[in-house]
Structures are given as structure tokens and as C-alpha cells.
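Only one structure is covered here, and it is reproduced in the block below.
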Amino acid sequence: MISIDLSGKTALVTGATSELGRVMVRTLAQAGADVAVHYHGNRAKAEELAAECQALGRQVVVVQADITRKAAIEAMRDQVTATLGAPHIIVNNAVIQYEWTSVLEQSEADYESQFRSSVLQNVLMAQVFVPAMIERGWGRVIGINTECTMQCWPNQSAYISGKAGMDRVLRVLAKEVGVHGITVNQIAPGWMLSENRTAEGTPQWYLDGVPLKHRGKDQEIANAVVFLASDLAGFISGVYLPVCGGNVMPGI
Ligand SMILES: NC(=O)c1ccc[n+]([C@@H]2O[C@H](COP(=O)([O-])OP(=O)(O)OC[C@H]3O[C@@H](n4cnc5c(N)ncnc54)[C@H](OP(=O)(O)O)[C@@H]3O)[C@@H](O)[C@H]2O)c1
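Mapping to the working numbering: the sequence shown position 223 is 888, numbers consecutive.
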């Protein structure tokens with residue numbers, strides 16, 4: 666029987682307190698990984714998650730950091746490494762939320778925040794965490810992108826310009842670090858259902874565009890995370906994997 670076993674591995678999820686992140690953390694812990702639960706402002710949610718993972722018998726550390734600041738990420742690495750050892754798996758999931766509007770209306774500050782949120786988060790997380798993966802000769806870098814990057818809908822330019830930049834950074838990284846046994850992949854969620862985001866009010870036009878005709882669940886993103894983190898995905902690198910019921914289909 667094939668199964669996913671991440672015991673002996675340590676995973677760090679940025680934005681573990683987020684709608685999708687909390688299920689990633691739980692699922693990584695259920696698969697056997699020790700987990701670093703990162704938060705920015707929501708310490709209570711991080712501690713709640715940590716308690717759940719500890720109840721599964723996992724080693725857990727709760728860490729706070731602004732993922733747009735290298736010194737903060739380095740301090741997070743030192744704290745995680747001192748308690749759980751250097752992470753084998755990092756999931757760059759955190760996102761800075763802001764109000765979406767048109768290119769003509771969106772502020773420069775919003776473009777800068779999205780550059781920091783997506784491009785710089787992925788650059789800094791790599792600079793801080795990949796060296797220990799290189800030393801170990803094994804690692805998993807998983808970036809959380811979005812289906813929106815391929816759709817280019819109105820009002821999303823700041824968000825998706827950051828996510829498109831992140832995509833290029835991670836593809837280059839995949840080529841640079843593959844020789845060290847490190848895979849670098851992205852998951853692109855569709856518009857997901859989660860603890861606080863329900864199907865109520867989903868417009869029919871959105872469902873019409875999804876071949877599977879429904880919105881996916883947070884757990885389906887977490888399932889893709891544990892798969893890419895596992896040895897089952899050991900020969901997969903450089904992918905942008907949509908988990909969106911077929912709503913976007915990257916061409917070849
Ligand atoms: N939800 C969806 O349907 C969907 C669809 C497509 C793609 N995605 C992608 O999936 C990921 C998670 O999205 P989500 O909707 O689950 O997020 P979310 O619920 O809006 O949560 C945002 C997360 O980012 C953290 N964060 C915000 N600013 C930060 C900063 N400066 N430094 C560090 N952390 C910071 C927050 O931490 P605190 O709460 O601790 O402050 C929180 O954990 C994102 O990359 C997003 O683009 C989501």
C-alpha cells in the first residue's frame with residue numbers, strides 16, 4: 666500500500682494562521698511531520714493550531730515574523746532550528762491582503778506590498794532556508810500561487826503581478842538547486858472553500874467556468890502540499906500545479 670509518511674521531517678508554513686495555511690499545517694502534522702507554525706498578527710490561532718498538532722504527537726514551535734523582512738525571517742529560522750532543527754520543507758503561503766482595484770486606481774504602495782508579499786517572500790525564504798537544505802542534500806520548497814495569475818481578470822493587477830514574479834523566481838530556483846536534491850514547486854489554488862469562506866454567494870459565472878462545476882475545499886490544497894512534500898513527488902520540480910477543478914489549464 667502506498668502512503669505518505671513525513672515522519673522525521675520538519676515543515677514550516679508561512680501564514681499558518683490563514684484560511685488555507687491552517688489546513689496545510691494540520692495535514693503535514695497528520696502525515697507525521699513536525700511543524701513550525703508561523704503567524705504575523707494572529708498569535709491565538711497559531712497557538713490553537715500548535716496545540717492540535719501537539720495532540721497528534723508532533724514537535725511544534727510557534728514563530729512570529731514579517732515575511733517581507735529578511736532579518737525577521739532569519740530570526741524565525743534561528744528559533745525553528747534551535748527547537749526542531751533546520752526545516753526540510755518550507756511552504757511559502759502567507760499573503761498580504763489589500764483592496765483590489767483597477768490599474769488606473771491602484772496605489773503604488775499596493776504594488777510594492779504585493780511585490781514584497783509574493784516576490785520577496787519567496788526570495789528571502791530561499792536565501793534563509795535553502796542553504797541548510799543544500800547541506801542536507803534534500804529539500805522541498807513549495808510556493809502557494811493562484812489560478813488568478815493565469816486569468817488576468819480586472820482589478821487583480823497588483824496581486825497577480827506579484828504572483829507572476831514569484832512564479833519566475835521559483836522556476837529559476839528549481840533550476841539552480843535541483844542538483845542538491847531540492848525540488849521547487851508551486852500550487853495554484855482556485856477560489857477555495859474554507860473555515861470562514863463558504864459557498865454562499867458564489868456567482869454562477871464562476872462555476873460555469875470550472876469543469877468540475879463546484880468550488881474546491883481547503884483540504885484539497887493541503888493534500889497537494891503533502892504530496893509535493895513527499896518522496897512520491899521526488900521527480901517533480903518546477904511545476905505550477907493548478908488545484909482549481911480545471912478552471913485554468915497551463916498550456917504546453
Ligand atoms: N483562499 C483562497 O481561495 C485562495 C485562492 C488562490 C490563492 N490563494 C493563496 O493561498 C495563500 C493563502 O491564502 P488565504 O486566503 O488562506 O490567506 P488569508 O486567510 O488571507 O491569510 C493571510 C495570511 O498571511 C499572513 N500575513 C499577512 N501579512 C503578513 C506579513 N507581512 N508577514 C507574514 N505573514 C503575513 C497572515 O498572518 P496573521 O493572520 O497571523 O496576521 C495570514 O496567515 C495565499 O498565498 C493566497 O494568495 C488563496
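A virtual CB, placed ideally from N, CA and C, is assigned to each residue, including glycine.
Subject >> Contact check, Pro890 vs Leu693, beta carbons under 8 Å >> reply: It is Val, not Pro, that sits at residue 890 in the sequence shown. For Val890 and Leu693, yes; Cβs fall inside 8 Å.
**OP:** Using 10 angstroms around the beta-carbon of Leu721, count the other beta-carbons present and answer buried if the total reaches 16, otherwise exposed.
**Re:** exposed
**OP:** Reducing DSSP to helix, strand and coil, say where Gln869 ends up.
**Re:** helix
Subject >> Reference Arg708, options Gly910, Trp803 and Gly680, closest by Cα >> reply: Gly680
Subject >> N- and C-terminal bounds of the alpha helix (DSSP H) containing Asn810 >> reply: Note, Asn810: premise wrong, no alpha helix (DSSP H); not H, not E.
Original post:
If you follow the alpha helix (DSSP H) that Gln786 is part of, which residue opens it and which one closes it?
Top reply: Gln786 to Arg801
Subject >> Contacting residues, own chain, Cβ-Cβ under 6 Å from Ala791 (five flanking each side not counted) >> reply: Leu838
Original post:
Quick one: Cα of Arg723 to Cα of Ser895, how far?
Top reply: 17 Å
**OP:** Whole angstroms is fine: what's the gap from Gln884's alpha carbon to Glu860's?
**Re:** 10 Å
Original post:
How about Gln779 and Ile755: are their beta carbons less than 8 Å apart?
Top reply: no
**OP:** Flag Gln762 as yes when its Cβ comes closer than 7 Å to any non-hydrogen atom of ligand 1, and as no otherwise.
**Re:** yes
Original post:
Near Gly686, which residues of its chain fall below 6 Å by C-beta distance, leaving aside the five closest residues on each side in sequence?
Top reply: Val678, Gly680 and Asn758
**OP:** With hydrogens ignored, establish whether the beta-carbon of Asn912 is closer than 7 Å to any heavy atom of ligand 1.
**Re:** no
Original post:
Name the DSSP bridge partner or partners of Ala676?
Top reply: Val700 and Ile754
Subject >> Contacts around Arg781, its chain only, beta-carbon distance under 6 Å, and the 5 residues preceding and following it disregarded >> reply: Thr733
Subject >> Own chain residues within Cβ distance below 7 Å of Asn787, not counting five before or after >> reply: Asn757, Gly808, Met831, Val834 and Leu835
Original post:
From Val793 to Ser902, what distance separates their C-alpha atoms?
Top reply: 20 Å
Subject >> Member of Gln719, Gly874, His705 and Glu713 whose CA lies at the smallest distance from the CA of Ile738 >> reply: His705
**OP:** Within its chain, find whatever has a CB closer than 7 Å to the CB of Arg862; leave out the 5 residues flanking it on each side and keep chain order.
**Re:** Glu684
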